[in-house]
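Residue numbers (my numbering): 739 to 794. Structure first, then comments.
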């Protein structure tokens, strides 16, 4: 993901990029729809541990 910054994932705002807490500390999520999220760890080199989850 060369040249991509975490902040770039905030566009469009409907993605609702969020930093997670609790047992998902260190992860971020982006909305797929009202129920599902793409959860991932962001590193300088790449996205790691990506999953589609209903964690609510």
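Note that CB positions come from ideal geometry on N, CA and C, so glycine has one too. Here the structure is a predicted model, which is why all the values come from computation and not from measurement.
In three-state terms, what does DSSP make of residue i?
i           : result
residue 787 : strand
residue 757 : strand
Residue i and residue j look like a contact to me (Cβ under 8 Å); what is the Cβ gap, rounded to whole Å?
i           : j           : result
residue 748 : residue 758 : At roughly 15 Å, the Cβ-Cβ gap does not stay under 8 Å, so residue 748 and residue 758 are not in contact.
residue 762 : residue 777 : 7 Å
residue 787 : residue 775 : In fact, because the Cβ distance is near 13 Å, the residues do not count as touching under 8 Å.
residue 773 : residue 792 : 5 Å
Quick one: give me the first and last residue of the beta strand (DSSP E) that residue i is part of.
i           : result
residue 780 : 775 to 780
residue 763 : Element bounds for residue 763: n/a, residue is neither H nor E.
Rounded to whole angstroms, what's the CA-CA distance from residue i to residue j? Just pull it up for me.
i           : j           : result
residue 771 : residue 751 : 13 Å
residue 760 : residue 745 : 22 Å
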